[in-house]
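Please read the structure below before turning to the comments.
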Amino acid sequence: MREATAPAAAAAENPYQPHRAKLVKLEPFTADTALLRLEFLDRERGERFTYRPGQFIQVSALGTGEAPISLCSSPTRPGYLEICVRRVGRVTQALHRLSPGALVGVRGPYGNGFPVEKMRGKDLLLIAGGLGMAPLRSLLWYALDRRGDFGRVTLLYGARTPRDVLFRGELQELENRSDVRILITVDRNEEGGWPGRVGVVTTLFEGLEVDSARTVAVICVPPVAFKFVVPKLLERNFKGEQILMSLERKMQCGIGKCGNCNVGSKHTCLDGPVFTYWDAMNVPGMI
Amino acid sequence: MQTAFLFREKLGQFLAGLRRVGTLLAPQRRGKEGHHAFSEVEDPQEVVLDYTRTLLPLKKYFLPPQDLLFRFSVAEGYQMAAEGLAEKRIVFGVHSCDLRALQNLDLVFLGGYPDPYYAARRENTLLIGVSCTPDELCFCASVGADSVTEGYDLFLTELEDGYFVEIGSSAGNDLVQEQKELFREVTDEDVAAFKRRFKARHQSFRRHLETSGLPRIMSLEHASSIWASRGEECLGCGGCSMVCPTCYCFSVAEVPNLDGQSGVRYRQWDSCLFKDYSVVAGGHNFRPQRGERLRQRIFHKHKDFPERYGRSGCVGCGRCIAFCPAGLDVTEIIRQLRGEIIA
Amino acid sequence: MAKPRIGIYGLTGCAGDELVLLNCEDELLEIVAAVDLKSFVTAQSHPEECELDVAFVGGAVAQPHDREVLLDVRRRAGLLIAIGTCAVWGGVAGAKNDQDRAALKRLVYREAGYPESLPPQPLSAYVQVDFSLPGCPIEKKQLLYSLAALLHGDLPQRIGYPVCTECRIAENVCLLKERGLLCCGPLTQGGCGARCPSHNRPCAGCRGPVEEANVAAEYRILLEKGYGPEEIVRRLGTFARVPHLVELMEKEGKKHAQDIA
Ligand SMILES: Cc1cc2nc3c(=O)[nH]c(=O)nc-3n(C[C@H](O)[C@H](O)[C@H](O)COP(=O)(O)OP(=O)(O)OC[C@H]3O[C@@H](n4cnc5c(N)ncnc54)[C@H](O)[C@@H]3O)c2cc1C
Ligand code: SF4
Ligand code: SF4
Ligand code: SF4
Ligand code: SF4
Ligand code: SF4
Ligand code: FES
Chain A
1 MREATAPAAA AAENPYQPHR AKLVKLEPFT ADTALLRLEF LDRERGERFT YRPGQFIQVS
61 ALGTGEAPIS LCSSPTRPGY LEICVRRVGR VTQALHRLSP GALVGVRGPY GNGFPVEKMR
121 GKDLLLIAGG LGMAPLRSLL WYALDRRGDF GRVTLLYGAR TPRDVLFRGE LQELENRSDV
181 RILITVDRNE EGGWPGRVGV VTTLFEGLEV DSARTVAVIC VPPVAFKFVV PKLLERNFKG
241 EQILMSLERK MQCGIGKCGN CNVGSKHTCL DGPVFTYWDA MNVPGMI
Chain B
1 MQTAFLFREK LGQFLAGLRR VGTLLAPQRR GKEGHHAFSE VEDPQEVVLD YTRTLLPLKK
61 YFLPPQDLLF RFSVAEGYQM AAEGLAEKRI VFGVHSCDLR ALQNLDLVFL GGYPDPYYAA
121 RRENTLLIGV SCTPDELCFC ASVGADSVTE GYDLFLTELE DGYFVEIGSS AGNDLVQEQK
181 ELFREVTDED VAAFKRRFKA RHQSFRRHLE TSGLPRIMSL EHASSIWASR GEECLGCGGC
241 SMVCPTCYCF SVAEVPNLDG QSGVRYRQWD SCLFKDYSVV AGGHNFRPQR GERLRQRIFH
301 KHKDFPERYG RSGCVGCGRC IAFCPAGLDV TEIIRQLRGE IIA
Chain C
1 MAKPRIGIYG LTGCAGDELV LLNCEDELLE IVAAVDLKSF VTAQSHPEEC ELDVAFVGGA
61 VAQPHDREVL LDVRRRAGLL IAIGTCAVWG GVAGAKNDQD RAALKRLVYR EAGYPESLPP
121 QPLSAYVQVD FSLPGCPIEK KQLLYSLAAL LHGDLPQRIG YPVCTECRIA ENVCLLKERG
181 LLCCGPLTQG GCGARCPSHN RPCAGCRGPV EEANVAAEYR ILLEKGYGPE EIVRRLGTFA
241 RVPHLVELME KEGKKHAQDI A
């Protein structure tokens, strides 16, 4: 007879196991979005935890459930993880209720992330809309911390109103740096007081110089916005493979089992969330 | 291939012997007019060998409809719920389509990040296959699931005076050795009878699904109006996914206790036919129309799963046809897509 | 943390849903310990009508008084949870809402008359409802889960699948497909574990429609099985006569009549 598998051994490598992490900081950004800084209780696990920009973790709010959230910190600054969470439902609300010192569950990192090795030596054109700024903040930091590895770095970021601009202070500081271009726009400026541009994110393309031949474009925008942003790149002769997009899908497992995130034969959680526009052209329903 | 021959009149004794090895599960009738269902065997006499299809397939033993994953508490965090995983079980009377389907689930749950719940149950369960006679809904032969050469511990093919037993694993061999008085060696005559039986079965398939080039044709028919029109017929009941041996989608739910300090996390069967399946934050639904959901199901079986895992995502068991309250029939929809019939 | 202040109210209905709570014998002490029960008229003699964190309201709005109570509770409550099919969908009492009210009153109360009645409506016809627990009566398991979730600070998770899903999991014979019976399972919100089909009785739809119920398809299936249009509409609308669903059935009826003509 075969030996019964020891459950203890199975538990040790249970990929669904949330690991305890402490909320060390919760910084409200906007009315519904906050930055959470997490540290694993198990120090060793924290040290082993490496990731690449564009990957996500599954975050558990004990008693409420789990949600996939992009890491917005950068692996170039180890020791802690940061996520930027928008309050939209059960889990995200529960995360917002926590106070520093509280424990959450974390597993991951999951997903392919941005192909940073392949992006070396290239110009980067980052295009963020709304919460899409979170994964791109990770990539932005990564690129700035390894500045020599990349050519020109440009961020185009569109938020709904001035109050919705995430990482505002941090981005404003970067505006003064000469080795990165930061262009921010807001859809509406009804309350006034916004000194910058007003208009949707695509208006930032006006007069923008890019050398498409040596640039990788990275798009993180809400699902409905892809069809406005992509043509702007195609007009500038970007090829499908040069356009990277981070997609959102419903996820339950994060590890290719539950099926919920499937698009064609791809699992967004394993093969994505970063896909190229060429993938999207060939997989109907991707964007 | 090791073989043996089990005397017909010794079957009951063999089953009784299996109960000493572990929990014995086999097809039995549920009530006088009920369906056949795999369930625990109390009396070997109740085991049915000539059933057509059970309502739920084997997956219920490896990926239960509701599967406890963790217990949690504020003090301890999430603790894996491992009870029952080490239970020794023997499933007797499995058809080749269902064995084949389990191999599909293996690809999903044992590959990549192995799923410890599934893996432990799989590891601790022996499978004994049995030959079957196709009815008008079976099309396993069209998708290569009418015959299996692996994925079982024993496989019994019914002949006139007993069962031709193929031994698929050393654990299966142990089962034979432990009760070797019930078996004899296979003769040339048995082999000839086995071949006759196999041929007769092969000729008895009445339903056929043409699979050649299917993924390519489907990819061209992604925008077909067939989806919207057939989708209107679908009740969205998810029944097809529940009964399908190769459907594995699940959602995860957290249930706190009244104390607010503890509770459980479990997973439960989900279906791409449900409206909520593809809804993300903000209410955006990637498959808002019924037709798009029906398309997802058929695409997953016949294009997406094959592209990802290199084998058909459907084993032709006929369950989704037999049990769909709306009378939807995947083989008919595919013929429509191929332009073979006009609805 | 202060215990959440809870109120439990019954409008026009049988109070069956409140009884489900009282019948949670094993858990009742735990519940009472976890909440600050301010008002529960069915079980308590000295209610305190104050600000509430969560109000559970059962029954339909069928009298002006119901409406007043409901509006008052809504004003005072952080979250308002509809319990029972009457509160969620109008329930059996609303099944005749398409008929003339005055004539109905004459029929029911004869000469005795009746103060004032409104066409029975779900709570959502008057106020915002934060979460709905349907069922006639509600399921104890779902109630306990919902209470626990609320105590934990979360809205409970909705059930998005129909009774059939649970019926298949229970490995029941399909009464609609295999016996030709008028079963509302495909259209009805799951959560009861397919209680009726598991006892060989078709689902009567007591939990009200599941989201995006495909009533047109079921209507057509039933016509093809030989049921008459009125019977189908009546049976599918017994517990929840939802105007737009009735419309869908009528539209399908016309289409079907054309198809066979
Ligand atoms: C790869 C990836 C990365 C992500 N990164 C981030 C990130 O960095 N930051 C972030 O904030 N989010 C991110 N998300 C999104 C995040 O995962 C979701 O917002 C989160 O899962 C929502 O979970 P919840 O429990 O809070 O909401 P749920 O309660 O599960 O609700 C989710 C959504 O479902 C819908 N819904 C729920 N209930 C109903 C109902 N009754 N009727 C109709 N619709 C309903 C609503 O639209 C709701 O917003 C990411 C997602 C993915 C896939
Ligand atoms: S069983 Fe039939 S009606 Fe139900 S979801 Fe599947 S295809 Fe639709
Ligand atoms: S799709 Fe239908 S025929 Fe194919 S394996 Fe699933 S239930 Fe069986
Ligand atoms: S995607 Fe649909 S067809 Fe595929 S396994 Fe999941 S429920 Fe089944
Ligand atoms: S008996 Fe009713 S509830 Fe059960 S599957 Fe059939 S239609 Fe659905
Ligand atoms: S099966 Fe239908 S009628 Fe019976 S309890 Fe469930 S929802 Fe109500
Ligand atoms: S999230 Fe489960 S398969 Fe991708």
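Residue numbers (this note's numbering), protein chains in the order written: chain A, 1 to 287; chain B, 1 to 343; chain C, 1 to 261. Heads up, the beta-carbon is just placed ideally off N, CA and C, and yes, glycines get one too.
query: How should B:D125 be labelled, buried or exposed, when 16 other C-beta atoms within 10 angstroms of its C-beta is the threshold for buried?
result: Numbered from 1 along the second sequence, position 125 holds the residue referred to as residue 125 of chain B. First, the residue type needs correcting, since residue 125 of chain B is Thr and not Asp in the sequence shown. It counts as buried.
query: Is it true that the CB of B:G77 sits closer than 9 Å to the CB of A:G63?
result: Walking along the first sequence from the start, residue 63 of chain A turns up at place 63. Walking along the second sequence from the start, residue 77 of chain B turns up at place 77. The answer is no: Cβ separation not under 9 Å.
- prompt: Could you check where the beta strand (DSSP E) with A:R86 kicks off and where it finishes?
  reply: On the first sequence, position 86 is the one that residue 86 of chain A refers to. L81 to R86 is the extent of the beta strand (DSSP E) around A:R86.
message: Shorter than 8 Å, the distance from the beta carbon of A:C84 to the closest heavy atom of ligand 1, or not?
response: Working through the first sequence from its first residue, we reach residue 84 of chain A at position 84. Within the cutoff, so yes.
- prompt: Does any C-beta atom of chain E lie closer than 9 Å to the C-beta of A:A217?
  reply: Of the protein chains in this structure, namely A, B and C, none is chain E.
query: Going by alpha carbons, who is nearest to B:C324 out of C:C167, C:D259, C:K3 and C:D130?
result: On the second sequence, position 324 is the one that residue 324 of chain B refers to. The option with the nearest alpha carbon to B:C324 is C:C167.
- prompt: Does the distance from the CB of A:F167 to the CB of A:F56 come in under 9 Å?
  reply: Against the first sequence, residue 167 of chain A aligns to sequence position 167. Against the first sequence, residue 56 of chain A aligns to sequence position 56. Cβ atoms of A:F167 and A:F56: not closer than 9 Å.
- prompt: For A:S73, which option in A:D145, A:V263 and A:M119 has the closest C-alpha, if you only look at C-alpha atoms?
  reply: The count along the first sequence starts at 1 and reaches residue 73 of chain A at position 73. The candidate whose alpha carbon is nearest that of A:S73 is A:D145.
message: Check whether chain B comes within 9 Å of A:L204, counting only Cβ atoms and requiring the distance to be less than that.
response: By 1-based counting over the first sequence, the position of residue 204 of chain A is 204. No, no contact with chain B.
- prompt: In three-state terms, what does DSSP make of B:E9?
  reply: Mapped onto the second sequence, residue 9 of chain B falls at position 9. It is helical.
message: Using a Cβ-Cβ cutoff of less than 6 Å, which residues in the same chain neighbour C:F264 once the five nearest sequence positions on both sides are dropped?
response: Any answer about residue 264 of chain C is impossible in this case: the structure gives chain C only from 1 up to 261.
- request: Look up C:P209 in the DSSP assignment and give the residues it is bridged to.
  value: Looking up residue 209 of chain C in the third sequence gives position 209. DSSP output for C:P209 lists C:T188 as bridge partner(s).
- prompt: With respect to 8 Å, is the separation between the Cβ of B:C244 and the closest non-hydrogen atom of ligand 3 below this value?
  reply: Along the second sequence, one-based indexing puts residue 244 of chain B at 244. Checking every heavy atom of ligand 3 against the Cβ of B:C244, one is found closer than 8 Å.
- prompt: In the stretch 130 to 182 of chain B, which residue ranges form an unbroken alpha helix (DSSP H) of at least 4 residues, counting only runs that do not cross its ends?
  reply: 170 to 178
- prompt: Tell me which same chain residues have a C-beta within less than 6 Å of the C-beta of A:A6, skipping the five on either side of it?
  reply: Here residue 6 of chain A is taken as the residue at index 6 of the first sequence, counted from 1. Low confidence applies here, because A:A6 scores a pLDDT of 47, under 50, leaving its location unreliable and the question unanswered by this model.
- prompt: Counting contacts by CB-CB distance shorter than 9 Å, is B:P44 in contact with chain C?
  reply: The sequence position of residue 44 of chain B within the second sequence is 44, counting from 1. No, no contact with chain C.
query: Thinking C-beta only, is B:R89 closer than 9 Å to B:T3?
result: Counting from 1 along the second sequence, the entry for residue 3 of chain B is found at position 3. Counting from 1 along the second sequence, the entry for residue 89 of chain B is found at position 89. Not in contact: B:T3 and B:R89 (Cβ atoms no closer than 9 Å).
task: Pull out every residue of the stretch 68 to 99 of chain A whose Cβ sits closer than 9 Å to any Cβ of chain C, in chain order.
output: G89, R90, V91, Q93, A94 and R97
message: Going by the DSSP bridge assignment, what does B:Q28 pair with across the sheet?
response: By 1-based counting over the second sequence, the position of residue 28 of chain B is 28. The partner list for B:Q28 (beta bridge, DSSP) reads B:A37.
message: Mapping the DSSP letters down to three states, classify A:G148 as helix, strand or coil.
response: In the first sequence, residue 148 of chain A corresponds to position 148, counting from 1. A:G148: helix per DSSP, three-state reduction.
- prompt: Where C:E68 and C:L11 are concerned, what is the direct C-alpha to C-alpha distance, given to the nearest angstrom?
  reply: Along the third sequence, read from residue 1 onward, the residue named residue 68 of chain C stands at position 68. Along the third sequence, read from residue 1 onward, the residue named residue 11 of chain C stands at position 11. Each residue's alpha carbon lies about 10 Å from the other.
query: Using a Cβ-Cβ distance under 9 Å, would A:G259 count as near chain C?
result: For the purposes of this step, residue 259 of chain A is identified with residue 259 of the first sequence, where counting begins at 1. It does not: the Cβ of A:G259 has no partner Cβ on chain C nearer than 9 Å.
Spatial neighbours of B:D115 in its chain, beta-carbon cut-off 6 Å, leaving aside the 5 residues before and after: Position 115 of the second sequence holds residue 115 of chain B. Non-local beta-carbon contacts of B:D115 in its own chain, meaning distances under 6 Å to residues more than five positions away in sequence, involve F109 in chain order.
query: Whole alpha helix (DSSP H) runs in the stretch 26 to 80 of chain C with 4 or more residues, listed along the chain?
result: 64 to 76
query: So, is A:N262 buried or exposed, given that buried needs 16 or more other C-beta atoms within 10 angstroms?
result: Position 262 of the first sequence, counted from the start, is the residue given in the question as residue 262 of chain A. Flag for A:N262 reads buried.
message: Using a Cβ-Cβ cutoff of less than 6 Å, which residues in the same chain neighbour A:R20 once the five nearest sequence positions on both sides are dropped?
response: Counting from 1 along the first sequence, the entry for residue 20 of chain A is found at position 20. Closer than 6 Å at the Cβ level, and outside the excluded window around A:R20, lie L41 and L103.
query: How about A:P273 and B:G282: are their beta carbons less than 9 Å apart?
result: Here the question's residue 273 of chain A lines up with position 273 in the first sequence. Here the question's residue 282 of chain B lines up with position 282 in the second sequence. Their beta carbons are not under 9 Å apart, which means A:P273 does not touch B:G282 by this criterion.
message: Need the endpoints of the alpha helix (DSSP H) that B:Y266 sits in, please.
response: The residue labelled residue 266 of chain B in the question sits at position 266 within the second sequence. Element bounds for B:Y266: not the alpha helix (DSSP H) but the beta strand (DSSP E), S262 to W269.
field: Through-space distance from C:G160 to B:L273, alpha-carbon basis
entry: For this step, residue 273 of chain B is matched to residue 273 along the second sequence. For this step, residue 160 of chain C is matched to residue 160 along the third sequence. Looking at the two C-alpha atoms, the distance is approximately 11 Å.
message: Give me the residue from C:I221, C:K254, C:V215 and C:H244 with the minimum Cα distance to C:L236.
response: Reading the third sequence from its first residue, position 236 is the one you call residue 236 of chain C. Comparing Cα positions, the closest option is C:V215.
message: On a Cα-Cα basis, can you pick out the residue from B:F72, B:R311, B:H35 and B:H302 that is closest to B:L369?
response: Beyond the ends of chain B as shown, which are 1 and 343, falls residue 369 of chain B; an answer cannot be given.
task: Taking B:E232 as the query, report the chain C residues whose CB atoms sit under 9 Å from its CB, ordered along the chain.
output: For the purposes of this step, residue 232 of chain B is taken as residue 232 along the second sequence, with counting starting at 1. The contacting residues are N214, A216 and A217.
- request: Pull up the CB-CB distance for B:W269 and B:F250, whole angstroms please, since I reckon it's below 8 Å.
  value: Within the second sequence, residue 269 of chain B is the residue found at index 269, counting from 1. Within the second sequence, residue 250 of chain B is the residue found at index 250, counting from 1. By a beta-carbon distance limit of 8 Å, B:W269 contacts B:F250. Their separation comes to about 6 Å.
query: Near C:E211, what residues of its chain come up, given a Cβ to Cβ distance below 7 Å and the 5 sequence neighbours on each side ignored?
result: Here residue 211 of chain C corresponds to residue number 211 of the third sequence, with the count starting at 1. Cβ neighbours of C:E211 beyond the five flanking positions: G160.
query: Is C:P186 near ligand 2, with its Cβ less than 8 Å from a heavy atom?
result: By 1-based counting over the third sequence, the position of residue 186 of chain C is 186. Flag set: Cβ of C:P186 near ligand 2.
message: Just checking B:H95 against ligand 4 - is the residue's beta carbon closer than 8 Å to any of the ligand's heavy atoms?
response: Here residue 95 of chain B corresponds to residue number 95 of the second sequence, with the count starting at 1. Flag unset: Cβ of B:H95 not near ligand 4.
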